[in-house]
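Asks:
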Amino acid sequence: MASEVEKKAVFDIDSAKEVVQELRASFVAGKTKDYEWRRTQLKAMLKLMDENEPQIVAALRDDLSKPELESSIYEIAMLKNSCKLALKKMKHWMMPEKAKTSLATFPSSAEIVSEPLGVVLVISAWNYPFLLSLDPVIGAIAAGNAIVLKPSEISPATASLLAKLVANYMDSSCIKVVEGAVPETTALLEQKWDKIMYTGNGRIARIVMAAAAKHLTPVVLELGGKCPVIVDSGINLQVATRRIIAGKWGCNNGQACISPDYIITTKDYAVELVDSFKCELELFYGKNPLESKDLSRVVNSNHFARLLKLLDEDKVSSKIVYGGERDKSNLKIAPTVLLDVPQDSLIMNEEIFGPLLPIITIDKVEDSFDLITSGTKPLAAYMFTNNKKLKEKFVEKVSAGGLVINDTTVHLAEPTLPFGGVGDSGMGAYHGKFSFDTFSHKKAVLYRSFAGDAPLRYPPYTNGKLRLLKSLLGGSILGIIRALMGWSKA
Amino acid sequence: MLSSMEKSIAELRETFKNGGTKSISWRKSQLKALLQLINQNEDSIFKALDQDLGKSPVESYRDEVGVLKKSVTYTLSCLEKWVAPKKAEVPLLFFPAKAEVMPQPLGVVLIFSSWNFPFTLALDPLIGAISAGNTVLLKPSDLAPACMSFLVETIPKYLDNKAVKVLAGGADIGERLLQLKWDKIFFTGSPRVGRLVMAAAAKHLTPVTLELGGKSPAIVDTLSTTPSKAKVTAKRIVGGKWGPCTGQACIAIDYVLVEEKLASTLIELLKKTIKRFYGENIKSLKNISRIVNKHQFQRLVNLLKDPNVADSIVYGGSVDEEKLVIEPTILLDPPLDSEIMSEEIFGPLLPIITLKNIEESIDFINSKSNPLVIYAFTEDDTFKKRILSETSSGTVTFNDSMVQFLCDSLPFGGVGQSGFGRYHGKYSFDTFSHEKSIMHRGFYPEIEPRYPPWTDFKLLFLKLAYQFDYFGLILLLLGFKRS
Chain H
1 MASEVEKKAV FDIDSAKEVV QELRASFVAG KTKDYEWRRT QLKAMLKLMD ENEPQIVAAL
61 RDDLSKPELE SSIYEIAMLK NSCKLALKKM KHWMMPEKAK TSLATFPSSA EIVSEPLGVV
121 LVISAWNYPF LLSLDPVIGA IAAGNAIVLK PSEISPATAS LLAKLVANYM DSSCIKVVEG
181 AVPETTALLE QKWDKIMYTG NGRIARIVMA AAAKHLTPVV LELGGKCPVI VDSGINLQVA
241 TRRIIAGKWG CNNGQACISP DYIITTKDYA VELVDSFKCE LELFYGKNPL ESKDLSRVVN
301 SNHFARLLKL LDEDKVSSKI VYGGERDKSN LKIAPTVLLD VPQDSLIMNE EIFGPLLPII
361 TIDKVEDSFD LITSGTKPLA AYMFTNNKKL KEKFVEKVSA GGLVINDTTV HLAEPTLPFG
421 GVGDSGMGAY HGKFSFDTFS HKKAVLYRSF AGDAPLRYPP YTNGKLRLLK SLLGGSILGI
481 IRALMGWSKA
Chain L
1 MLSSMEKSIA ELRETFKNGG TKSISWRKSQ LKALLQLINQ NEDSIFKALD QDLGKSPVES
61 YRDEVGVLKK SVTYTLSCLE KWVAPKKAEV PLLFFPAKAE VMPQPLGVVL IFSSWNFPFT
121 LALDPLIGAI SAGNTVLLKP SDLAPACMSF LVETIPKYLD NKAVKVLAGG ADIGERLLQL
181 KWDKIFFTGS PRVGRLVMAA AAKHLTPVTL ELGGKSPAIV DTLSTTPSKA KVTAKRIVGG
241 KWGPCTGQAC IAIDYVLVEE KLASTLIELL KKTIKRFYGE NIKSLKNISR IVNKHQFQRL
301 VNLLKDPNVA DSIVYGGSVD EEKLVIEPTI LLDPPLDSEI MSEEIFGPLL PIITLKNIEE
361 SIDFINSKSN PLVIYAFTED DTFKKRILSE TSSGTVTFND SMVQFLCDSL PFGGVGQSGF
421 GRYHGKYSFD TFSHEKSIMH RGFYPEIEPR YPPWTDFKLL FLKLAYQFDY FGLILLLLGF
481 KRS
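Protein chains in written order, with full-length UniProt numbering: chain H, 1 to 490; chain L, 1 to 483.
1. Does residue 522 of chain L come out as helix, strand or coil in the three-state DSSP assignment?
2. What does the Cβ neighbour count give for residue 38 of chain H, buried or exposed, with the cut at 16 atoms within 10 Å?
3. Rounding to the nearest angstrom, what Cα-Cα distance links residue 217 of chain H and residue 145 of chain H in this structure?
4. Indicate whether the contact test is met: 3 or more Cβ pairs, each with one atom in the stretch 333-350 of chain L and one in the stretch 306-324 of chain L, closer than 8 Å.
5. Is residue 489 of chain H helix, strand or coil by DSSP?
6. What residues match up with residue 420 of chain L in a beta bridge as DSSP calls it?
7. If you check the beta carbons only, do residue 264 of chain H and residue 362 of chain H fall under 8 Å apart?
8. So, residue 336 of chain H versus residue 310 of chain H, is the Cβ gap smaller than 8 Å?
9. How long is the line joining the alpha carbons of residue 511 of chain L and residue 255 of chain L, rounded to whole angstroms?
10. Could you have a look at residue 97 of chain L and say whether DSSP puts it in helix, strand or coil?
11. Between residue 470 of chain H and chain L, is the shortest Cβ-Cβ distance under 8 Å, so that the two count as touching?
12. Touch check for the stretch 82-95 of chain L and the stretch 452-471 of chain L: three-plus C-beta pairs under 8 Å?
13. I want to see whether chain L comes within less than 8 Å of residue 404 of chain H, judged by CB atoms only; does it?
14. Residue 106 of chain H CB to nearest chain L CB: under 8 Å?
15. So what's residue 402 of chain L in DSSP terms, helix, strand or just coil?
16. Would you kindly work out how many angstroms separate the C-alpha atoms of residue 116 of chain L and residue 60 of chain H, rounded to a whole number?
17. My guess is that residue 166 of chain H and residue 177 of chain H are in contact by the Cβ rule of under 8 Å, so how many angstroms apart are they, rounded?
18. Quick check on the burial criterion: 16 or more other C-beta atoms within 10 angstroms. Buried or exposed for residue 298 of chain L?
19. What beta strand (DSSP E) runs, 3 residues minimum, are completely inside the stretch 50-136 of chain L?
20. Chain L partners of residue 250 of chain H, CB-CB under 9 Å?
21. Taking the beta strand (DSSP E) that residue 433 of chain L belongs to, which residues open and close that run?
22. Residue 207 of chain L versus chain H: which residues are under 7 Å apart at the beta carbon?
23. Given a cut-off of 8 Å, decide if residue 389 of chain L and residue 417 of chain H are closer than it, judged by their beta-carbon atoms.
24. In this structure, how does DSSP classify residue 108 of chain H when only helix, strand and coil are distinguished?
25. Does chain L have any CB closer than 8 Å to the CB of residue 284 of chain H?
26. Say whether chain H places a C-beta atom closer than 8 Å to the C-beta of residue 183 of chain L.
27. I want to see whether chain H comes within less than 8 Å of residue 397 of chain L, judged by CB atoms only; does it?
28. When DSSP labels each residue in this structure, what does residue 498 of chain H get in the three-state scheme?
29. Can you check DSSP and say which residues form a bridge with residue 138 of chain L?
30. Spell out whether any CB of chain L is found under 8 Å from the CB atom of residue 197 of chain H.
31. Please classify residue 463 of chain L as buried or exposed, where buried requires at least 16 other C-beta atoms within 10 Å of its C-beta.
32. Quick one: grab the DSSP three-state call for residue 254 of chain H.
33. For chain L, find out if any of its Cβ atoms is closer than 8 Å to the Cβ of residue 473 of chain H; answer yes or no.
34. Counting only Cβ pairs nearer than 7 Å, list the residues of chain H close to residue 290 of chain L.
35. Do you know whose CA, among H/95, H/102 and H/380, lies nearest residue 230 of chain H's CA?
36. Just checking my contact of residue 490 of chain L with residue 30 of chain L at CB under 8 Å: how many whole Å lie between their CB atoms?
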């Protein structure tokens with residue numbers, strides 16, 4: 001028993017240093033650069049998922065009461081796809097890219113070579129603890145790095161399962177999981193990394209970036225924001241409602257960075273919209289949604305209290321038009337829709353990250369764009385409309401990580417689209433090849449020959465050389481010839 | 001009560017918000033105006049560079065004016081292409097759907113430039129920021145005061161004042177600027193200040209590009225080939241060390257690595273070339289910049305103070321404090337733990353480090369932090385491959401120096417301590433843009449299994465869908481697959 005306790009000693013700055021040293025040695029030895037090594041690791045990850053699906057689903061149920069379907073599809077299936085894509089395309093991604101050269105450097109050839117950054121730190125979040133841990137790791141492996149993964153302590157069952165599975169299936173001299181909370185994360189952040197990827201909230205992101213600044217470590221920050229949904233009239237309301245529900249309560253009960261946060265619609269359309277929600281929500285989750293097995297719970301009592309504070313604020317609680325029930329012992333809040341909450345309420349001034357959906361009404365749909373741009377830039381923005389002009393305006397005016405028209409959240413599954421934020425919703429992007437790129441350094445390489453050494457590059461500097469240089473940099477063959485002949489003016 | 005600085009920035013934000021910088025025609029007009037600025041003020045620019053750094057017009061044209069003109073012209077010719085959204089492939093499962101990535105300006109950006117290439121390093125990022133549709137505050141370095149004054153006075157005469165502003169001042173102004181919220185900060189300078197910039201940016205979650213430096217080595221493996229190639233090598237080394245601002249350049253050759261037995265040949269060639277390019281001694285020195293100020297001059301002189309370092313001087317070493325000139329100086333094997341071998345030199349002192357075997361240069365370079373560039377003069381293809389795969393640097397240039405800077409299609413930036421982010425050509429446009437993903441969906445067809453209540457059938461359907469197993473899906477729908 002004593003040795004067990006000793007083994008789980010405090011993970012402090014020295015432990016963090018040791019981990020980084022070990023990984024750096026592995027990296028320098030070239031282990032992670034090898035194509036076959038990368039393949040084996042990715043295949044091992046697939047095997048890890050194939051052989052442990054029930055355990056993963058169980059851990060997610062423990063941590064979040066996540067329905068089996070959400071776990072199987074939005075965590076495991078998505079991850080498997082990501083892994084398979086990397087396996088299929090990695091060789092291609094690893095190939096140097098030819099670059100064009102111009103007259104200014106003639107004769108020469110140029111290319112851009114992808115190389116791993118080195119030893120990277122991935123800090124993931126609690127809401128999709130499996131996906132958000134291993135998806136970045138896939139990119140880091142494909143790009144040839146050594147990795148430390150720090151899963152969130154707010155989803156402890158998944159964190160400890162990840163630690164166990166990664167140690168069993170993957171090469172622990174190059175890929176390690178470090179469990180823990182603030183002290184352990186702080187110890188890790190003191191170290192020098194070649195890249196840090198953080199998924200989470202803006203407050204911690206500032207701490208991560210400040211720590212990275214000490215070592216000039218580049219960062220990717222995948223944050224969140226208030227993802228708005230604009231609902232226009234003249235659409236298929238039922239389909240729109242269902243898609244909003246799927247993106248909100250169907251995604252970890254609203255606890256997802258790209259979940260619709262609030263809705264903006266016209267005063268005229270609001271009543272129809274609310275009725276549509278009432279109808280579809282009951283079809284999906286029944287008359288007693290607190291008992292529905294198809295909804296995740298709120299992750300813990302802190303967040304539960306936070307959400308109740310948003311819901312029970314005086315000027316807000318009277319605006320509930322559907323739901324509002326809560327079950328404290330099971331950490332459940334029923335899908336709740338609110339209509340016309342005031343702009344200065346708490347619920348409209350922080351990312352909700354839960355099963356509460358405020359609907360804000362405006363006079364005309366066009367007014368929604370200014371409303372959105374007056375706030376910070378969200379990770380995603382959605383619009384339901386059949387009006388071509390409105391679509392164009394939406395795309396032009398709204399700045400967000402990603403936009404979807406006539407659906408919600410599905411762009412996440414599209415690996416050809418970069419997934420990331422802008423402004424307060426983050427910096428950098430990943431998914432598909434973007435994951436590979438984000439964990440690579442794109443090294444520029446110029447090959448020159450000894451032929452064609454233009455004396456005009458070197459001193460002594462004369463007016464003639466100046467003339468020639470001007471023509472050469474100007475790229476005009478005629479100009480060059482004239483300068484050579486001494487015909488152009490200085 | 002807003003200070004004038006805060007008022008300026010509020011105006012930049014207002015201009016951006018009102019869409020003043022969005023249209024392609026605005027961006028093109030600004031770029032054309034910048035080109036006019038350069039064309040109509042070439043002599044003043046040469047004068048300012050001579051005043052601040054002693055640069056000759058040819059060096060000024062080659063490294064600053066010409067580079068900028070090329071950059072603006074290239075950007076003007078490519079802008080429409082860069083601004084266009086890029087289509088992204090969408091799998092059948094999402095049909096009908098359209099996906100694209102559209103570049104958008106970040107907003108209000110801050111550019112800090114350095115003193116050694118006071119025009120290029122200020123205006124080249126500016127070109128990128130304008131082309132991407134941002135409003136810009138440019139803070140040139142006060143260590144090149146004539147150039148800074150020129151920019152402060154001249155830019156407002158040509159560019160849209162509501163969208164592009166230039167602020168004069170020193171470190172204190174820089175610090176105040178860093179307290180404010182920007183949508184992007186682009187910094188060229190030292191790693192020390194780079195850390196401060198990033199730490200300040202972290203408070204606002206502002207993305208940054210840091211163009212820093214390091215000790216850029218030149219590996220020399222070509223002296224035993226033909227004499228003409230050896231001569232060209234020597235010229236390119238001399239041109240890559242003392243050519244750019246007398247070594248005060250992030251991509252200047254910092255030190256040379258060569259095999260022991262070839263060191264003396266190299267040194268003789270270098271000496272001859274130096275004399276031919278720059279003159280016989282410090283009194284007759286020409287065609288070369290001077291040291292920017294007393295502080296840098298003292299720093300460089302101090303590098304030579306260490307007696308072991310002074311002993312290793314094989315050429316040059318004379319200094320003229322009044323004129324802020326240090327003659328091209330070559331050192332042979334100064335102690336590896338001396339400051340000259342551990343700090344970025346950024347001046348006209350060239351250490352030559354000898355090795356038993358040139359392949360050792362790889363380990364030598366890896367023992368130091370990642371430089372901005374590695375130069376390698378070699379015709380051995382295997383060695384080239386080894387250098388590429390076993391070292392890490394922003395760029396690698398084979399058989400030449402400096403010219404990679406002119407290549408618009410190559411990303412220019414560092415890695416590790418030499419920085420992160422990149423620019424030049426389209427990379428400038430990208431670095432000041434946000435790539436926004438856009439997905440268009442239709443209302444039909446509807447995939448029912450997306451919605452609860454969950455059933456085993458829906459689970460299986462989605463599993464097959466996510467595997468893009470269309471055949472399996474058909475079987476399931478026809479009832480041939482059991483859940």
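Here a beta-carbon is modelled for each residue, glycine too, at the ideal position from N, C-alpha and C.
As the structure is a computational prediction, the values presented were derived from the model and not from experiment.
Replies: Considering the structure as presented:
1. Residue 522 of chain L is absent from the structure shown; chain L starts at 1 and stops at 483.
2. By the neighbour-count rule (16 or more Cβ atoms within 10 Å), residue 38 of chain H is buried.
3. Taking the straight line joining both Cα atoms gives about 15 Å.
4. Judged by Cβ distances under 8 Å, the stretch 333-350 of chain L makes contact with the stretch 306-324 of chain L, as three or more pairs qualify.
5. Because residue 489 of chain H sits at a pLDDT of 47, beneath the cut-off of 50, its placement in the model cannot be relied upon, and the following sentence gives the value as read from the coordinates. Three-state result, residue 489 of chain H: coil.
6. Looking at the DSSP output, residue 420 of chain L shares a beta bridge with L/210.
7. Yes; because the gap between Cβ atoms is below 8 Å, this pair is in contact.
8. Not closer than 8 Å, so no.
9. Here chain L comprises residues numbered 1 to 483, so residue 511 of chain L is not present and cannot be evaluated.
10. Strand.
11. True, the Cβ-Cβ gap to chain L drops below 8 Å.
12. Output reads yes: the stretch 452-471 of chain L touches the stretch 82-95 of chain L.
13. It does; some Cβ of chain L falls within 8 Å.
14. Not an interface residue.
15. Assignment of residue 402 of chain L by DSSP, reduced to helix, strand and coil, places it in the coil class.
16. Spanning the two alpha carbons is a distance of roughly 56 Å.
17. Going by Cβ atoms, the distance from residue 166 of chain H to residue 177 of chain H rounds to 5 Å, so yes, they are a contact pair.
18. Burial call: exposed.
19. Here the runs fully enclosed are 86-88, 97-105 and 108-112.
20. Chain L residues near residue 250 of chain H: 450, 451 and 452.
21. Residues 433-441.
22. Listed along chain H are 427, each with a C-beta nearer than 7 Å to that of residue 207 of chain L.
23. Cβ distance not < 8 Å, so residue 417 of chain H and residue 389 of chain L don't count as in contact.
24. Looking at residue 108 of chain H - three-state DSSP - the assignment turns out to be strand.
25. Taking Cβ atoms only, chain L reaches closer than 8 Å to residue 284 of chain H, which makes this a yes.
26. Residue 183 of chain L counts as touching chain H.
27. At least one chain H Cβ lies under 8 Å of residue 397 of chain L.
28. Residue 498 of chain H lies beyond the residue range present for chain H, which begins at 1 and ends at 490; the question has no answer from this structure.
29. Its beta-bridge partners are L/111 and L/166.
30. Among the CB atoms of chain L, none fall inside 8 Å of the CB of residue 197 of chain H.
31. Burial call: buried.
32. Three-state result, residue 254 of chain H: helix.
33. With 8 Å as the cut-off, residue 473 of chain H counts as an interface residue toward chain L.
34. Ordered by position in chain H, no residue passes the 7 Å Cβ test against residue 290 of chain L, which lies about 15 Å from the chain.
35. Of H/95, H/102 and H/380, the residue nearest in Cα terms is H/380.
36. This structure cannot settle anything about residue 490 of chain L, because the visible part of chain L is limited to 1 through 483.
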